[in-house]
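Those letters in the sequence shown? Residues -15 to 99, per the working numbering, in order.
Note that beta-carbon positions come from the ideal geometry of N, C-alpha and C, so glycine has one too.
Down below is the structure, laid out as structure tokens.
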Amino acid sequence: MTANQSCFSPENLRPMLAVSSALPADADQYGFELKWDGIRALCHIANGKLRIMSRNLLDMTAQYPELKPLAAAFSKYTVFDGEIIAFDAAGRPSFGQLQRRLGVTDPAEIKRRML
-15 MTANQSCFSP ENLRPMLAVS SALPADADQY GFELKWDGIR ALCHIANGKL RIMSRNLLDM
45 TAQYPELKPL AAAFSKYTVF DGEIIAFDAA GRPSFGQLQR RLGVTDPAEI KRRML
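Structure below.
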């Protein structure tokens, strides 16, 4: 770690991946996450800028321009670790819907594909 890095710098964080397991005896002492069918991502917000990293720590920021407003909505430094998901017309999570916009970076084309 260099003098300019803190233990909270993006380079030192890794996504927490979901695993199946039995509930512990003291389950009420823990928080649990549903297993969503999406794209795992770490979203780093620092000084009004958003950076989105994949589960393999590849920069995916340009692939999700619709998430850019998150940068203005949160404090000086925030990290989100979770799944990027898409919903179908009935409001249910849909990996197929998400696949329709994978690799697309143009906001107008994203909107067209998500209709």
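Checking the sheet assignment: what are the DSSP bridge partners for residue i?
| i | result |
| --- | --- |
| R84 | According to DSSP, R84 bridges with nothing at all. |
| F71 | P77 |
| A25 | S38 and G66 |
| A46 | None, per the DSSP bridge assignment. |
With a 10 Å radius around its C-beta and 16 neighbouring C-beta atoms as the bar for buried, classify residue i as buried or exposed.
| i | result |
| --- | --- |
| A92 | exposed |
| Q47 | buried |
| L105 | Since the first residue shown for the chain is -15 and the last is 99, residue 105 is missing from the structure and cannot be characterised. |
| L34 | buried |
| M0 | exposed |
Put residue i into one of helix, strand or coil per three-state DSSP.
| i | result |
| --- | --- |
| T62 | strand |
| E93 | helix |
| F16 | coil |
| A2 | coil |
| A9 | coil |
| L99 | coil |
| L54 | helix |
Excluding five sequence neighbours on each side, which residues of the same chain lie with their C-beta closer than 8 Å to the C-beta of residue i?
| i | result |
| --- | --- |
| G32 | A55 and A56 |
Please go through the same chain and pick out, in chain order, the residues whose beta-carbon is closer than 6 Å to the beta-carbon of residue i, but skip the five residues on each side of it.
| i | result |
| --- | --- |
| R84 | R97 |
| I69 | W20, G22 and P77 |
| S38 | M44 |
In its own chain, which residues sit with a C-beta less than 7 Å from the C-beta of residue i, not counting the 5 before and 5 after it?
| i | result |
| --- | --- |
| A2 | E17 and K19 |
Under a CB-based cut-off of 9 Å, is residue i close to chain B?
| i | result |
| --- | --- |
| G66 | Going by chain labels, chain B is absent from the structure shown, which holds only one protein chain. |
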